[in-house]
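Colleague: Got a structure here, written out as structure tokens. Questions coming.
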Amino acid sequence: MAAGLMHAGNEKGNLIQNHNFRDGFQSYFRNDKGQMFFAEQDILQIKGVSEIENAKLSNKIKLKPEALSGKKFLLSFDAKAEKLSGNVMIAIREWGKDGKTIAYHTVQFNKWSKHDWKTFKKEFTLSANAEFAGMYIMTSYLKSGDSLQVRNLSLIRE
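In this note's numbering, the protein residues as written are 213 to 370.
Listed below in structure tokens is the structure:
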């Protein structure tokens with residue numbers, strides 16, 4: 213797992229690979245069996261499926277540890293929350309060389325989130341022990357009819 217994260221990457225541009233989903237889910241790991249996450253016209257659609265309690269979509273950040281540890285980042289995206297019964301979390305996960313999670317830097321949506329397109333920004337600093345990072349979109353307990361849309365995903369090192 214670690215070897216794929218050691219590339220220098222473009223530190224000035226968007227660090228999320230395939231951030232607009234124009235290449236489908238290339239560079240992403242997903243465990244929803246193709247039922248919850250849909251990509252079309254630069255928008256990620258997250259739909260509730262009653263028989264799937266939890267799902268995850270993740271994308272590794274390809275930076276060397278020295279470009280991550282103690283550095284400041286800005287996660288930003290637009291989201292449209294139509295209906296949610298459970299939760300959706302968009303986060304940057306950081307973990308150490310031992311493979312253990314250090315922290316998640318999150319923006320969460322739940323049943324009280326209902327709005328048209330709105331921009332969300334989360335500024336954070338990775339810990340000094342961060343060796344690896346990745347973007348995660350995780351769902352829990354969504355039901356049929358639930359829907360959240362995401363576009364303009366961006367992670368910039370400041």
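Ideal Cβ positions, reconstructed from N, Cα and C, are used throughout, including at glycine.
1) Do the region 255 to 274 and the region 327 to 342 meet, that is, are 3 or more Cβ pairs less than 8 Å apart?
2) From which residue to which residue does the beta strand (DSSP E) around Glu-306 run?
3) When the distance is taken between beta carbons, is Gly-298 closer than 8 Å to Ser-385?
4) In or out: Glu-278 buried (at least 16 other Cβ within 10 Å) or exposed?
5) Are there 16 or more other CB atoms within 10 angstroms of the CB of Leu-367, so buried, or fewer, so exposed?
6) Is the region 285 to 300 touching the region 316 to 325, taking contact as three or more C-beta pairs under 8 Å?
7) In the DSSP assignment, what residue or residues form a beta bridge with Lys-333?
8) Give the C-beta separation of Phe-321 and Ala-291 to the nearest angstrom, bearing in mind that I take them to be a contact with Cβ-Cβ under 8 Å.
9) Pull up the distance between the alpha-carbon of Asn-226 and that of Gly-357, whole angstroms please.
10) Decide if Arg-234 is buried, meaning its Cβ has at least 16 other Cβ atoms within 10 Å, or exposed.
Modeller: Reading it off the structure:
1) no
2) 299 to 307
3) Only positions 213 to 370 of the chain appear in this structure, which leaves residue 385 out of reach.
4) exposed
5) buried
6) yes
7) Ser-288
8) 7 Å
9) 32 Å
10) exposed
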